[in-house]
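Reviewing the structure listed below.
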Amino acid sequence: MSLSNIRKLIRESNKITILTGAGMSTESGISDFRSPGGVWSKYKTVTIQEFISNREKRIYYWKYKSETIPSMLKAKPNDAHFAIGKLDRQGKLFWLLTQNIDGLHEKGGVDKKRIIRLHGTNREAICLSCKRVFDIKPVLERIDRGEVEPKCEVCGGLLKPNTVSFGQSLNPEHLVIAEKASRECDLFMALGTSLQVYPANSFVDVAYSNGKPIIIINRDPTPYDDFAKYRLSESLAKILPMSVNG
0 MSLSNIRKLI RESNKITILT GAGMSTESGI SDFRSPGGVW SKYKTVTIQE FISNREKRIY
60 YWKYKSETIP SMLKAKPNDA HFAIGKLDRQ GKLFWLLTQN IDGLHEKGGV DKKRIIRLHG
120 TNREAICLSC KRVFDIKPVL ERIDRGEVEP KCEVCGGLLK PNTVSFGQSL NPEHLVIAEK
180 ASRECDLFMA LGTSLQVYPA NSFVDVAYSN GKPIIIINRD PTPYDDFAKY RLSESLAKIL
240 PMSVNG
């Protein structure tokens, strides 16, 4: 298929909804979770129930996070992030739905008001009791100083990275917005996502059932490839700027 066709489709669209996954950030040096060598092949998962009820699990979880978050905080957006930022500046981006927890879309120039962080962010910690949100860096510094189980300095509640853990429900308001974004867009793009995880993959169904053209760019095949008007396997950092700048 011709890249010019994708350029034309993007150029003619004014309400683009984009869904992004881990493949968006691999070229920024952030490994994904599910592939061999990914995070989950090195660390055991901890469910939200285990985190709340088991101190040893909390200590393990924070140790794992303290070993993995710093490199994520140092990561830089790649050209694919900047390409989406350009779409936002052009007024073409309707909503950005991301499964990523690295915060690189904001650093790539996308207005945070247009971003639905389906799985939360590693850049924040949240108190499970009072629900206050804190920058993650001071919390990690406390761990570096020997605090193995950081607590909220306001109410003493359990602190946890502000991400969605196994067994934890996604924000229902986010799901309503994401469904609306998929239904009312004039182009739906799935970038760097295997489309294996519900409910994120359901938004492709919503767009398709409402007759929206779909572009899928991902290294490996996805279960939704037949839904796509255009399907590419190229590097996002290479192909997306070429698609947006056409």
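123 is the number that numbering that gives the first Met the number 0 gives to position 124 of the sequence shown; each next residue is one higher, with no gaps. Beta carbons: idealized from backbone N, C-alpha and C, even for Gly.
Subject >> At least three beta-carbon pairs within less than 8 Å, the segment 15-26 to the segment 89-102 >> reply: yes
Original post:
Start and end of the alpha helix (DSSP H) containing F81?
Top reply: Locating residue 81 in the sequence shown gives position 82, where the first residue counts as 1. Its alpha helix (DSSP H) spans residues 78-88.
Original post:
Would DSSP call Y59 helix, strand or coil?
Top reply: Within the sequence shown, residue 59 is the residue found at index 60, counting from 1. Note: Y59 maps to helix in three-state DSSP.
Original post:
Mind checking L194: buried by the 16 CB within 10 Å criterion, or exposed?
Top reply: Locating residue 194 in the sequence shown gives position 195, where the first residue counts as 1. By the 10 Å Cβ count, L194 comes out buried.
Subject >> Candidates L127, I83, T162, N244, of which the one nearest A189 by Cα >> reply: One-based indexing of the sequence shown puts residue 189 at position 190. Looking at the Cα atoms, I83 is the closest of the given residues.
Subject >> Cβ separation of A199 and C184, assumed to be a contact under 8 Å, to the nearest whole Å >> reply: Here the question's residue 199 lines up with position 200 in the sequence shown. Here the question's residue 184 lines up with position 185 in the sequence shown. The Cβ separation is near 15 Å, so there is no contact.
Subject >> Integer Cβ distance of L127 from I15, believed to fall under 8 Å >> reply: Here the question's residue 127 lines up with position 128 in the sequence shown. Here the question's residue 15 lines up with position 16 in the sequence shown. That pair is no contact at about 36 Å.
**OP:** Report yes if the CB atom of I213 is closer than 9 Å to the CB atom of Y197, and no otherwise.
**Re:** The residue you call residue 213 lines up with position 214 of the sequence shown. The residue you call residue 197 lines up with position 198 of the sequence shown. In this structure, Y197 does not lie closer than 9 Å to I213 by Cβ.
**OP:** In the DSSP assignment, find the unbroken alpha helix (DSSP H) run with S206 in it and report its ends.
**Re:** For the purposes of this step, residue 206 is identified with residue 207 of the sequence shown, where counting begins at 1. First, the residue type needs correcting, since residue 206 is Ala and not Ser in the sequence shown. Residues 201-208.
Subject >> Top-ranked residue by Cα proximity to R141, from F81, K64, S242 >> reply: The sequence position of residue 141 within the sequence shown is 142, counting from 1. The residue with the shortest Cα to Cα distance from R141 is K64.
Original post:
Smallest Cα separation from H80: which of Y42, S70, S27, L158?
Top reply: Here residue 80 refers to the residue found at position 81 of the sequence shown. Answer by Cα proximity: S27.
Subject >> Endpoints, beta strand (DSSP E) assigned at A180 >> reply: Residue 180 sits at position 181 when you count from the first residue of the sequence shown. That residue, A180, is in no beta strand (DSSP E); its alpha helix (DSSP H) goes 171-183.
Original post:
Exposed or buried, what is G107 when buried is set at 16 or more other beta-carbons lying within 10 Å of its beta-carbon?
Top reply: Indexing the sequence shown from 1 puts residue 107 at position 108. With 16 or more other Cβ atoms within 10 Å, it is buried.
Subject >> Distance between K43 and F165 (C-alpha atoms, nearest Å) >> reply: For the purposes of this step, residue 165 is identified with residue 166 of the sequence shown, where counting begins at 1. For the purposes of this step, residue 43 is identified with residue 44 of the sequence shown, where counting begins at 1. F165 and K43: Cα-Cα distance of roughly 11 Å.
Original post:
Which residues share a DSSP beta bridge with C126?
Top reply: Start at 1 with the first residue of the sequence shown, and residue 126 comes out as number 127. Answer is L158, bridged to C126.
Original post:
Quick one: any contact between the segment 56-76 and the segment 226-238, if contact means 3 or more CB pairs under 8 Å?
Top reply: no
Subject >> Buried/exposed call for R88, threshold 16 Cβ in 10 Å >> reply: The residue you call residue 88 lines up with position 89 of the sequence shown. Its Cβ having fewer than 16 others within 10 Å, R88 is exposed.
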